[in-house]
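Participant: In this note's numbering, the protein residues as written are 81 to 284.
Before I ask anything, let me first share the structure, which is written out below as structure tokens.
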């Protein structure tokens with residue numbers, strides 16, 4: 081079973097770009113570990129093609145080479161926080177309709193040009209004081225992601241809500257020091273475990 085992880089720096093997590101099977105230090109590494117533990121009989125192939133700094137437009141630009149040509153059994157997508165972050169200094173936010181158009185274009189191509197099951201993970205933000213204002217733009221984009229998931233996702237992982245619940249009983253800075261990037265130890269582990277629990281439904 082071939083599982084493709086796609087996204088930005090949260091997925092990239094300092095992976096070796098020369099080796100697509102290198103899962104870096106982030107949640108894909110932990111997700112793979114938990115899935116192999118849950119399903120030892122399954123012959124998994126994990127591929128991480130997340131690229132730091134990517135936005136939804138990059139998902140569209142990489143469709144052929146990094147999605148369609150690979151023909152995965154499962155494709156996992158966590159993208160969109162940079163559509164907010166890269167415009168945060170000026171607050172000249174990307175229009176929500178354009179964000180939806182870009183994301184929808186990518187999802188439609190994956191749906192029609194591969195046989196992959198689609199796992200969508202919503203963007204998240206933990207309560208770092210210097211980034212709380214991101215919410216004015218990110219929250220509507222999370223709602224758009226949820227809307228698109230209803231049409232395109234085989235599995236939807238509501239990370240923003242799940243992590244908000246999690247940090248009620250664990251210091252949020254253990255999960256992400258800056259509110260966006262998971263720590264390579266605890267944050268990656270928490271998200272990897274969530275991922276394996278949800279995606280296991282596609283493997284049973």
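Virtual Cβ for every residue (Gly too), placed ideally from N, Cα, C.
From 109, 84 and 85, pick the residue whose C-alpha is nearest to that of residue 266; which is it?
Facilitator: 109
Participant: Please state the DSSP three-state secondary structure of residue 85.
Facilitator: Residue 85: strand per DSSP, three-state reduction.
Participant: Considering only residues of the same chain and omitting the five flanking positions on each side of residue 137, which have a CB-CB separation below 6 Å?
Facilitator: 182
Participant: Quick check on the DSSP output: the alpha helix (DSSP H) that includes residue 132 runs from which residue to which?
Facilitator: Segment: none, residue 132 is in no alpha helix (DSSP H) and carries neither H nor E.
Participant: Of all the options 239, 163, 88 and 233, which has the alpha carbon lying nearest to the alpha carbon of residue 131?
Facilitator: 88
Participant: Excluding the 5 residues flanking residue 169 on each side, which residues of the same chain have their C-beta closer than 8 Å to its C-beta?
Facilitator: none
Participant: By the three-class DSSP mapping on this structure, what secondary structure does residue 158 have?
Facilitator: strand
Participant: Tell me whether the stretch 190 to 197 and the stretch 239 to 252 touch, counting them as touching only if at least three CB pairs, one residue from each stretch, are closer than 8 Å.
Facilitator: no
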